[in-house]
Structure formats: C-alpha cells, structure tokens
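Novice: Handing you this structure, nothing more for now.
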Amino acid sequence: MSENAHSIAGQIKARLGSRSPRIAVILGSGLGGLADEIENPLSIDYVSIKGFPVSTVAGHRGRLIAGTLSGKEVLCMQGRIHLYEGYPPAAVADIVKAFKLLGIETLIVTNAAGSLRKEMAPGSLMLIEDHLNLSGFNPLIGPNDDSFGPRFPNMNNVYTPAYRSLAQKIAEDAGITLHAGVYCMLSGPAFETPAEVRACRVLGADANGMSTVPETMTAAWCGIKVLGISALTNYCTGIEGGSPSHAETLENAAKASAGLTLLVKRFIGEL
0 MSENAHSIAG QIKARLGSRS PRIAVILGSG LGGLADEIEN PLSIDYVSIK
50 GFPVSTVAGH RGRLIAGTLS GKEVLCMQGR IHLYEGYPPA AVADIVKAFK
100 LLGIETLIVT NAAGSLRKEM APGSLMLIED HLNLSGFNPL IGPNDDSFGP
150 RFPNMNNVYT PAYRSLAQKI AEDAGITLHA GVYCMLSGPA FETPAEVRAC
200 RVLGADANGM STVPETMTAA WCGIKVLGIS ALTNYCTGIE GGSPSHAETL
250 ENAAKASAGL TLLVKRFIGE L
C-alpha cells in the first residue's frame, strides 16, 4: 500500500548519508527564500527521485534541501505539489509518509493565501489554527496502512497547540504581526468567485488557498506535529476590491518572506 513512500524514503536516505533531520519544512509559492538560509546544504532535485511528484508551477523550485538551520538539521521542500497540477491526493500523502519513514517528527507547512479579512493585509502572516477542506479531495481515501496511522484518525488540534503558542510568542518578541485564523483549501487552479468567497466567510474561513491541507492531514494521521503559517498575498475577490492574480501572489509573497523566514528560523531554534 505504501511501496512508493518506502521507495522515496529509501532514495532520499541514500542521498542524506549521515544526516538525520527530524524537522521538515514545506515552502509555498514565492516563499523559497528560506531554503537559501540553510547551512551546509545538500540539494536533491525532485526529478532525480523516482516516484516523487515534480512541481510545475512558477515560484516553486522543485528540490529538497537538507542542511542546518538555527542549529538543527532540517529537510526543506523548496516547492510543493498541488492537486490542481493533476496529481492525486495519494501522491502528496506519499511525500509525508516518506518523511515519517525518514524520522521526521515536526512538519512546518507554509503557503501563499488570499485574505478574507480586510484587517489582514497582503504582505502579512497568518498562523493557521484550523482548516476547512473544501477541495473535494482527501489524501487518506483508499486502503489504510496501519503501520502509519489509524483508519479513522482524529483531526482535533491538527495544528499542534504548543507550536502555535510558541510561534505567537516568537512573533510578539520579534515585532512580527502574526494574525491567526482558519485556512480554507479549495482545489484551484481558478481563483474563487465572489459567491464562493462569501460562502467561505460564512463557513468561518479567514484565508483561502489551494494547498497545505493534504500534507497536514497526512502528517496528523501518522503522528507528525504540525505548524502552519500562511503568507497573505492578496485580498480574495470582492474583499477590499481584491481581484487576485498569480503575479500578485508572487509579489506579495516576497514582501512577507522576510518575516516568515525570521519566524521559522527562531521557531526551529527553540524546538
């Protein structure tokens, strides 16, 4: 059931050698700059790993970077996989399962997201407290591999409460504005219609995006702790005159990148 995950893990392990990271970071659209902060980096292109899905979207480099960040060994995905690229949810799940097999205990997920609240301006950050999965997909559908997690996993506190508290403290001490809210995943690749934006707000969402939930659900299922942070790159359609584009996403992700990099580096240092 998890042959591909075992194959991916084996190939990465062979390349890592004596490195044994316990922290993995997934970088979203336009947020790959954090990987440049990694010391003694080892780069592994996705295309060189048999069975590993390849990023096809601008702003995603498509490589793993292993090295040291804030004194800790890390494994960083510089570019993530999206369901709208045509990959099945199981392909995303295989990556996280491979991380579990490599000994990853903490997963930091970042993304570019659209703001549903006028007080959360583009260029700022949002701590993910919970999520809504409106994508129509679930990475855990199919035969269950009990060696990773239970058939019916509990999704309460998917985003580890202690990690959220630590991130909020770090942001406050560093003078970083860190909003908090619910992330809503839709499948994409089209941005939401005005009616869909209104519906998401009614359902309790604070930011919309097209990723993160499959990785997070898989991590929670197999016992990996999760910190989630959104870089707010635009207002969603109809919010403060928002009319999102991918170019705007990349531009404002760059603005949010400095604060995100500082926050993640200090968080890793304090783990």
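Counting with numbering that gives the first Met the number 0, you get residues 0 to 270 for the letters of the sequence shown. Even for Gly, the Cβ is constructed at its ideal location relative to N, Cα and C. Owing to the predicted nature of the structure, the values given are computational and were not obtained by experimental measurement.
With a cut-off of 8 Å on the beta carbons, I'd call I175 and L262 a contact; round off their distance for me.
Specialist: Indeed they touch by this definition, with Cβ atoms about 6 Å apart.
Novice: Can you tell me whether DSSP reads A79 as helix, strand or coil?
Specialist: The question names Ala, but residue 79 in the sequence shown is Arg. Coil at R79, not helix or strand.
Novice: Could you give the distance in angstroms between the alpha-carbon of L101 and the alpha-carbon of I7?
Specialist: Going by the C-alpha atoms only, they are around 10 Å apart.
Novice: Could you say if the segment 176-195 and the segment 227-240 meet the contact criterion of at least three C-beta pairs nearer than 8 Å?
Specialist: Yes: the two stretches touch, three or more of their Cβ pairs being nearer than 8 Å.
Novice: Assign G31 to one of three DSSP states: helix, strand, or coil.
Specialist: Correct three-state label for G31: helix.
Novice: With DSSP collapsed to three states, give me the class of E250.
Specialist: Helix.
Novice: My assumption, with CB atoms under 8 Å, is that G27 sits in contact with N110. Please give the rounded CB distance.
Specialist: Indeed, because the Cβ distance is near 4 Å, the residues count as touching under 8 Å.
Novice: Counting only the same chain and skipping the five closest in sequence on each side, list residues whose C-beta sits under 7 Å from that of V53.
Specialist: Hits under 7 Å: Y45, V46, G61.
Novice: So L30 and S256 are supposed to be a Cβ contact under 8 Å. How far apart are they, rounded?
Specialist: About 6 Å separates the two Cβ atoms, so the contact holds.
Novice: How would you call K96, buried or exposed, if buried means at least 16 neighbouring beta carbons within 10 angstroms?
Specialist: Buried is the call here.
Novice: Could you tell me which residues DSSP puts in a beta bridge with K224?
Specialist: Partner(s): T105.
Novice: With distances taken between CB atoms, is the gap from T236 to E191 smaller than 8 Å?
Specialist: Yes.
Novice: According to DSSP, simplified to helix, strand and coil, what is S186?
Specialist: If DSSP states are grouped into helix, strand and coil, S186 belongs with coil.
Novice: Check whether the Cβ atoms of R21 and E84 sit closer than 8 Å, and answer yes or no.
Specialist: Against a cut-off of 8 Å, the Cβ pair of E84 and R21 comes out as no contact.
Novice: Exposed or buried, which one is P121 when buried takes at least 16 other CB atoms within 10 Å?
Specialist: The residue in question, P121, is buried, as its Cβ has 16 or more Cβ neighbours within 10 Å.
Novice: Which residues share a DSSP beta bridge with S229?
Specialist: Beta-bridge pairing links S229 to N110, M125.
Novice: Can you say whether V225 is buried or exposed, counting buried as having 16 or more other CB atoms within 10 angstroms of its CB?
Specialist: Flag for V225 reads buried.
Novice: According to DSSP, simplified to helix, strand and coil, what is G234?
Specialist: Gly is not the amino acid found at residue 234; the sequence shown has Tyr there. Three-state DSSP puts Y234 in a strand.
Novice: State the DSSP-derived secondary structure class of L259, mapped to helix, strand or coil.
Specialist: Correct three-state label for L259: helix.
Novice: Give the C-beta separation of L115 and D35 to the nearest angstrom, bearing in mind that I take them to be a contact with Cβ-Cβ under 8 Å.
Specialist: Rounded, the Cβ-Cβ distance is 31 Å, inconsistent with contact.
Novice: Whole angstroms are fine: how far does the CA of Q77 sit from the CA of A166?
Specialist: Between A166 and Q77, the C-alpha separation is close to 21 Å.
Novice: In this structure, does DSSP put D144 in helix, strand or coil?
Specialist: Looking at D144 - three-state DSSP - the assignment turns out to be coil, as it is neither helix nor strand.
Novice: For the beta strand (DSSP E) that S164 lies in, which residues bound it at each end?
Specialist: First-last for S164: 160-173, but that is the alpha helix (DSSP H), not the beta strand (DSSP E).
Novice: Taking 8 Å as the limit between beta carbons, can you name the residues of its chain near V196, skipping five residues before and five after?
Specialist: Hits under 8 Å: L115, N207, C235, T236, G237, I238.
Novice: In whole angstroms, what is the alpha-carbon distance linking R79 and P138?
Specialist: Whole-angstrom Cα-Cα distance: 15 Å.
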